[in-house]
Amino acid sequence: AKSQRNIMAYFKVR
Amino acid sequence: MFEARLIQSSILKKVLDAVKDLLNEATFECSDSGIQVQAMDNAHVSLVALNLRSDGFDKYRCDRNLSMGMSIATMSKILKCAGPEDTVTLRAADNPDTVAFIFESSNKEKLAEYEMKLINMDQEHLGIPETFYSCVVKMSSHEFARIVRDLSQFGENITIACTKEGVKFTAIGDSGSANVKLAQTADASEENDAVIIEMQESVKLSFSCRYLTCFVKATPLCSQVQLSISNDVPLVCEYKIGDIGQIRYYLAPKIDD
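One line per chain: the protein sequences are A and B, in this order.
Under our numbering, the residues of the first sequence are numbered 3 to 16, in order.
Under our numbering, the residues of the second sequence are numbered 32 to 288, in order.
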């Protein structure tokens, strides 16, 4: 099974 | 005062169609250089970055920078009221509570004005790092939409594998599996239909069909789509918007548990 990553794991909050 | 006019409302109609399934609301940042939107979907899986340059508008005036929180559903409803040949003008005061959409028919005999209340938004703004992608695929946007539609019937994810030879899309589900391979075009004279791959390193990543299905709603904006892929970073799916700008969708990959 695959799980969905969160986009915020890659792009930091500015 | 802020005022931006487009001769063809159809461009803005298509932009709204390209984001309305992903976003409930978004902040439109208006400055001298143009209009920018950056917003995540509710589940924070994807991010939409829209850029409309001021020089692409037929008239553009922005006396001071504005951040306007807009309901995408309401904006979409309003743009449905514009005829395809209508001119559209967006207008707001310097400290606006509302934004006006003004539609004018080409014979100038019909003038319609819709005023939309702005919403206060506390959106997180993400910094997107400059990324060098292992593979950049340029292909027909219609072909990409078709592949997403066809493969979505077979699984909830599409795996994109890109090598020097071409790009392969695969979906696997309970009922079976499907894959479509596109070879790099040898003769790229049929520019819009060509498959062009710039590859430094082969990649293989899986993405949710649900989100890809939302992204291909941008197909009417541009005959080509550009997919930028690197292992373990979000996919970038980019459509140019005429001479005025572009829309980029970022999608976090699915990973093995």
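Idealized CB from N, CA, C, for every residue including glycine.
Run of the beta strand (DSSP E) containing K90 of chain B, from where it starts to where it stops: That run of the beta strand (DSSP E) goes 90–93.
Three-state secondary structure assigned by DSSP to N210 of chain B: In the structure shown, N210 of chain B sits in a strand (DSSP, three-state: E or B).
Whole alpha helix (DSSP H) elements within the stretch 163–227 of chain B, 4-residue minimum: With a minimum length of 4 residues, the continuous alpha helix (DSSP H) runs that stay inside the stretch 163–227 of chain B are 172–183.
Bridge partner(s) assigned by DSSP for E56 of chain B: Under DSSP, E56 of chain B takes part in a beta bridge, and its partners are B:S102.
Where L252 of chain B falls, given that 16 or more other Cβ within 10 Å makes a residue buried: Within a 10 Å sphere around the beta-carbon of L252 of chain B sit 16 or more other beta-carbons, which makes this residue buried.
Partners in chain A for A283 of chain B, counting only beta-carbon separations shorter than 8 Å: Near A283 of chain B (Cβ distances below 8 Å), the residues of chain A are Q6, R7, N8, I9, A11, Y12.
Cβ contact (3+ pairs, closer than 8 Å) linking the stretch 254–264 of chain B and the stretch 69–83 of chain B: Counting Cβ pairs under 8 Å, fewer than three are found: no touch.
Proximity of C93 of chain B and D63 of chain B at Cβ, strictly below 8 Å: Result yes, Cβ atoms of C93 of chain B and D63 of chain B sit closer than 8 Å.
A49 of chain B, enclosing alpha helix (DSSP H) - first and last residue: Counting along the chain, the unbroken alpha helix (DSSP H) around A49 of chain B starts and ends at 40–50.
Sufficient close CB pairs (3 or more, under 8 Å) joining the stretch 275–283 of chain B to the stretch 178–196 of chain B: Flag = no, the stretch 275–283 of chain B and the stretch 178–196 of chain B do not touch.
Collapsed DSSP secondary structure at M71 of chain B in the structure displayed: In the structure shown, the three-state DSSP call for M71 of chain B is strand.
CB contact check: I159 of chain B to chain A, cutoff 8 Å: Chain A places a beta carbon closer than 8 Å to that of I159 of chain B, counting this residue as a contact.
Contact set between the stretch 179–209 of chain B and chain A, restricted to residues whose Cβ is under 8 Å from the partner: So the close ones are N188.
Euclidean distance between Cα positions of S98 of chain B and S206 of chain B: Between the alpha carbons of S98 of chain B and S206 of chain B lies a distance of about 48 Å.
I38 of chain B and T118 of chain B closer than 8 Å at C-beta: Yes. Within cutoff.
Inter-residue CB distance, F13 of chain A and I159 of chain B (contact presumed, cutoff 8 Å): Sure, about 5 Å apart at Cβ, within 8 Å.
Inter-residue CB distance, T201 of chain B and N210 of chain B (contact presumed, cutoff 8 Å): Sure, about 4 Å apart at Cβ, within 8 Å.
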